[in-house]
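Visitor: Numbering (this note's numbering), first residue to last: 1 to 366. Beta carbons: idealized from backbone N, C-alpha and C, even for Gly. Just dropping this structure here.
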Ligand SMILES: Nc1ncnc2c1ncn2[C@@H]1O[C@H](COP(=O)(O)OP(=O)(O)OP(=O)(O)O)[C@@H](O)[C@H]1O
Ligand SMILES: [Mg+2]
């Protein structure tokens, strides 16, 4: 056995593998050929702007949309030609898709009833799932007697009770208000960890994605732009688009000048960002991003790199304060400081100095 063969034998089979899956609707490309693998037992999030292709991707995994090209494998088995009900997946849809005339317990038990399991087994499994999602005692209620968050939990219990190895969730929290959405994120994560099933969750909400995900795939314009852990996507994004979508980054585009220690990104006359040892040549267009919390605003320079700015507006948010400033050529930048760490209370129209550490600058070549 070669080393590669032995590695292939011990490598765990991904729960979901998409190999070049694509979807066209006539001349509309919903998803360009895209490949990814989702490790078994992980919480995977498809994140991205509206119309990017997230639902299309999820529904191709579910078997609800037939790909124009490519293959889908679930636990190593090619399911591309299997209908949704023959795949080892279950789906949680957006909004309240519960049967209104059925009780909570009947809603949860529905899929098991179709499987013609013994009645007391159906009952005990439905009750077990209701307990898992925090709804023990709600089994006799009807959907209209539940809050939005509770209805969402019933949907989750209805998917979990099927004991499939993959649960697919399309914007499961979109109908909830911000506070409830946050609480439900923590719960979803706990539930996924306790059952150990692979979750694939679609959302356009960055905070939701960061809260639940082991890994995030950013999808936009029918393309998988970048994937990685929440830490990777936030701290060290490779693509300019990722830096623009995740976090609160200031993006600056320019041209590389100089070499080695002298390399710098020239953004405008009088506005240059040092990029010592940038791995690209003179004259190449590039972008940099800096996180809002990596900027410091003060009456004078307090870090190694700085630029004079004018304060445009200031938003006091309690723990932090967000300030929009204008760089010398008029370009906007966003600064977020812990309110208590601000040297003075800035006001719109103030002149100040924006400073940052050279290590805070992330280079994006695409
Ligand atoms: N049945 C269809 N016929 C034609 N175009 C479609 C169809 N379904 C989706 N599309 C197009 O495919 C693209 C991707 O749609 P998709 O629903 O996957 O986006 P999404 O990322 O889920 O967006 P949202 O966050 O708004 O739900 C969009 O441009 C959409 O208009
Ligand atoms: Mg969608």
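According to DSSP, is residue 358 part of a helix, a strand, or is it coil?
Guide: Helix.
Visitor: Leaving aside the five residues before and after residue 239 along the sequence, list all residues of the same chain whose C-beta is less than 7 Å from its C-beta, in chain order.
Guide: Correct list, in chain order: 225, 226, 364, 366.
Visitor: Buried or exposed, going by whether 16 or more other CB atoms sit within 10 Å of the CB of residue 201?
Guide: Buried.
Visitor: Are the segment 21 to 28 and the segment 169 to 189 in contact at 8 Å, needing three or more beta carbon pairs?
Guide: No contact exists between the segment 21 to 28 and the segment 169 to 189.
Visitor: Look at the alpha carbon of residue 89 and the alpha carbon of residue 77, and state the distance between them as a whole number of angstroms.
Guide: Going from the Cα of residue 89 to the Cα of residue 77 covers about 13 Å.
Visitor: Consider the C-beta atom of residue 171 and the heavy atoms of ligand 2; say whether any pair is separated by less than 7 Å.
Guide: Yes - ligand 2 has a heavy atom lying nearer than 7 Å to the Cβ of residue 171.
Visitor: For the segment 188 to 223, which segments carrying the alpha helix (DSSP H) assignment without a break, of at least 4 residues, lie completely within its bounds, in sequence order?
Guide: Runs found: 206 to 212.
Visitor: CB residue 166 to CB residue 16, shorter than 8 Å?
Guide: Result yes, Cβ atoms of residue 166 and residue 16 sit closer than 8 Å.
Visitor: Take residue 65 and list the residues in its own chain whose beta-carbon comes closer than 8 Å to its own, dropping the five residues that flank it on each side.
Guide: Counting only Cβ-Cβ distances below 8 Å, and skipping sequence neighbours, we find 23, 56, 59.
Visitor: Would you say the beta carbon of residue 201 is closer than 7 Å to some non-hydrogen atom of ligand 1?
Guide: It does not: the Cβ of residue 201 is nowhere closer than 7 Å to a heavy atom of ligand 1.
Visitor: Please confirm whether residue 69 and residue 33 have their CB atoms less than 8 Å apart.
Guide: Contact flag set, yes.
Visitor: Spatial neighbours of residue 320 within its chain, please: C-beta separation below 7 Å, excluding the five flanking residues on both sides.
Guide: For residue 320, where only same-chain residues beyond five positions count, the Cβ hits under 7 Å are 336, 337, 338, 339.
Visitor: Between 263, 271, 317, which has its C-alpha nearest residue 279's C-alpha?
Guide: Checking every option, the nearest Cα to that of residue 279 belongs to 263.
Visitor: Whose C-alpha, out of 45, 80, 138, 75, is nearest the C-alpha of residue 106?
Guide: Answer by Cα proximity: 138.
Visitor: Tell me residue 445's beta-bridge partners as DSSP assigns them.
Guide: Because the chain in this structure spans residues 1 to 366, residue 445 falls outside the shown range and cannot be described.
Visitor: Between the Cα of residue 345 and the Cα atoms of 216, 231, 20, 318, which residue gives the shortest distance?
Guide: For residue 345, the nearest C-alpha among the options comes from 318.
Visitor: Measure the CB-CB distance between residue 153 and residue 134 and report whether it falls below 8 Å.
Guide: A contact, by the Cβ cut-off of 8 Å.
Visitor: Please work out which residues of its chain come closer than 7 Å, Cβ to Cβ, to residue 171, disregarding the five sequence neighbours upstream and downstream, and give them in chain order.
Guide: Here the set comprises 94, 202, 203.
Visitor: Can you give me the start and stop residues for the alpha helix (DSSP H) that residue 367 sits inside?
Guide: Nothing about residue 367 can be read from this structure; the chain reaches only from 1 to 366.
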